[in-house]
Amino acid sequence: MNRFKPAAMAATGLFFLLTCFCHTAALARENPTVISLGKHAISGDNISKAKKRAIADAMDAAVSQAILAMIPPPEISSSLPLLANVLTGSAQDHIVTYKVLGEIKKGKQYIVAVESTLNGATLNALFSRYQTEKTGKNLPRILIFMSEQVPGEILPRYWWGNNPLPFQSLAQDAFKKVLAGKNYMSMAQPPSEQVRSLGITFNFIHDADAALGMAAQLNADVMIMAKAMAREASNVMGEEKAYKSTVALEAFQVSSGKRLTSFTTDAVVKSDFSQTGIEDSLTQSGTLAAETLLSRLDAAWSGKALGPQTIETRIEGDDYLSSFIMLRKILNTMSGIKDIQTKELSSDNAVVDIIYQGNGRKLADALMVQTFDSFNLSLSNVTDRSLTIRFIPQDGAQPVETKDIEGAFISE
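If you use mature numbering (1 follows the signal peptide of the UniProt record, and there is no 0), the sequence shown corresponds to residues -28 to -1, 1 to 384, in order.
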């Protein structure tokens, strides 16, 4: 990408806009599509069973690929327990739909190529829960609004608001790389169609109130509003010029709208070449901004700073009482649950206050990846402060045994 020479920009403008837009939309897809291979040995003449197992193998591979894409390469080795948990559990829980693209019998092996559409929400919840357990911190989901402007551009480029221009932000790329290295989840930029469907109006480019509204609809915990700007100094040293980039940043807690921190970072580099100098300075300023943010966000997002929150939870459904008691047993073992207080209790529903280190959306994410022997959960009406849980009986499930019910009570 060349944004720094007007002549080159004029010659390649249409190609740049098309290719950059397509690339951004593909990266931001909520439910990613993955093509993978699977195989299984044929036992006797049972090709049908081998095909079924090969498809399951391909689905496991698709989910593994998706998770690997979320993990920085230096973190892959330490993240193997996450992959192991998925592969020894039910990877197919993260598959929305699949299509067999091709299949072949090769000797005693049956091989399939499968296109799987994955559930981005459950994958993010699984990844978030794993990182919480790994780091001991309930890390926030971060949505970044960072504009970028280089010499020769009258206005900054940005992806949101009234007249967005697609581009690849060097400062933001460096910023997100630092966050990923510390296990923070920076959310993918939503596709333009989704942005329009949210109906958020920005009164000006860096409208923090509008950005908070969008971040809330996208279930972010922290919103970053930032401006990255590069410029060329007029002084020279031989053939070298100095290039300075600045990132001005504000970070907000989405649920309350509270500003967590604000600051400005600068980076100066010297280079013989204009484009190289500008690119390097933007990368350095983005890196410095992320490092500064993390030094402050760790403290601002700690339990001491924000404290546990009370999530009013309505619980209802079939076989309600025994299911409710078993759910309480699971809640008692979940990370971040501080206390459970019953407010209302009847024969077919209950209202409880769950004291949780996080908001209602984070609690819902954590619940989505829990498994139960006799029922599934349907979560609805999820907000930062409340949610509804409905029990859905599993086909063929056995009644909960008395000894399990007795072991599930939690003292009030």
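Note that CB positions come from ideal geometry on N, CA and C, so glycine has one too. Note that this is a predicted model, so its numbers are computed, not measured.
Could you compute how far the alpha carbon of residue i sits from the alpha carbon of residue j?
i        : j      : result
Ala30    : Met42  : 19 Å
Gly(-16) : Leu137 : Below a pLDDT of 50, predicted positions are generally treated as unreliable, and Gly(-16), at 33, falls in that range; the measurement from the model is reported next regardless. Spanning the two alpha carbons is a distance of roughly 11 Å.
Ile7     : Ile39  : 14 Å
Asp356   : Gly308 : 15 Å
Val354   : Ala146 : 33 Å
Lys149   : Met157 : 10 Å
Gly332   : Ser358 : 6 Å
Gln366   : Gln281 : 31 Å
Lys199   : Gly79  : 59 Å
Ser169   : Ala28  : 35 Å
Ile76    : Asp193 : 47 Å
Ile361   : Val241 : 55 Å
Val323   : Lys315 : 5 Å
Leu232   : Glu204 : 32 Å
Leu221   : Met197 : 6 Å
Ala336   : Asp244 : 53 Å
Ala152   : Leu317 : 43 Å
Ser20    : Ser36  : 25 Å
Leu95    : Ala214 : 44 Å
Asn18    : Met159 : 45 Å
Lys334   : Met340 : 10 Å
Glu212   : Glu165 : 44 Å
Lys24    : Val86  : 12 Å
His(-6)  : Ser141 : With a pLDDT of only 29 at His(-6), under the threshold of 50, the placement of this residue in the model should not be trusted, and no figure is reported.
Ser346   : Ser319 : 19 Å
Gln247   : Leu111 : 36 Å
His178   : Leu52  : 40 Å
Pro45    : Phe139 : 25 Å
Glu125   : Ser227 : 35 Å
Lys375   : Gln342 : Reliability fails at Lys375, whose pLDDT of 48 lies under 50, so the model's placement of it is uncertain and the value that follows must be treated cautiously. Approximately 21 Å between the Cα atoms of the pair.
Thr259   : Thr285 : 40 Å
Ser294   : Leu115 : 40 Å
Less than 8 Å between the C-beta atoms of residue i and residue j, yes or no?
i           : j      : result
Phe117      : Met201 : no
Tyr70       : Ser49  : no
Val219      : Ala261 : yes
Gly16       : Ala26  : no
Pro123      : Ile250 : yes
Glu120      : Arg113 : no
Phe363      : Leu349 : yes
residue 425 : Leu303 : Here the chain has residues from -28 to 384 only, and residue 425 is not among them.
Leu190      : Pro162 : yes
Val84       : Val68  : no
Leu184      : Gly229 : yes
Ile172      : Ala182 : yes
Ala223      : Leu269 : yes
Met298      : Phe344 : yes
Residues in its own chain within less than 6 Å of residue i by CB, not counting five upstream and five downstream?
i       : result
Ser217  : Ala202, Ala239, Ser253, Leu254, Ser257
Ala22   : His12, Ile14, Tyr82
Trp131  : Gln161
Gln225  : Leu232
Phe176  : none
Gly289  : Arg362, Phe363
Ile283  : Ile326, Tyr328, Gly332, Leu335
Lys310  : Pro280, Ile327
Ala(-3) : With a pLDDT of 25 at Ala(-3), under the threshold of 50, the predicted position of this residue should be treated as unreliable, and no value is reported.
Which one or two residues does DSSP pair with residue i in a beta bridge?
i      : result
Val35  : None; Val35 has no bridge partner.
Glu75  : Val84
Ile7   : Glu87
Phe117 : Met197
Gly16  : Bridge partners of Gly16: none, in fact.
Lys242 : Ala214
Thr236 : Ala220
Ile27  : Ile27 is not bridged to any residue.
So, at 7 Å on beta carbons, what are the nonlocal neighbours of residue i in its own chain, with the 5 sequence-adjacent residues on each side left out?
i      : result
Pro4   : Ala38, Leu90, Gly92
Phe264 : Residue 264 is actually Thr in this sequence, not Phe. Contacts found: Phe235, Thr237.
Gly275 : Since pLDDT at Gly275 reaches only 46, below the 50 mark, its modelled position is unreliable, and the value read off the structure follows with that caveat. Within the same chain, Gly275 has close Cβ partners Gln329.
Lys154 : Leu266
His66  : Val35, Leu90, Asn91, Thr94, Leu95
Val167 : Trp132
Phe296 : Ile287, Ala322
Using a C-beta cutoff of 8 Å, does residue i count as contacting chain B?
i      : result
Ile361 : Checking the listed chains, one finds no chain B in this structure; it contains a single protein chain.
Below 8 Å CB to CB, which residues in the same chain sit around residue i once its five sequence neighbours on both sides are set aside?
i      : result
Phe174 : Trp132, Gly133, Asn134, Ala182, Ala183
Gly74  : Val84, Ala85
Segments of 4+ residues assigned as alpha helix (DSSP H) that fall wholly inside the region 124 to 178: Uninterrupted alpha helix (DSSP H) stretches at least 4 residues long and entirely within the region 124 to 178 occur at 142 to 153, 164 to 169, given in chain order.
Residue ranges of each alpha helix (DSSP H) within the region 177 to 229, 4 or longer: Under the rule that a run must span 4 or more residues, the alpha helix (DSSP H) segments found entirely inside the region 177 to 229 read 180 to 189.
Secondary structure, alpha helix (DSSP H): runs of 4+ residues fully inside the region 298 to 379: Every alpha helix (DSSP H) of 4 residues or more that sits fully in the region 298 to 379 is shown, in chain order, as 332 to 340, 374 to 378.
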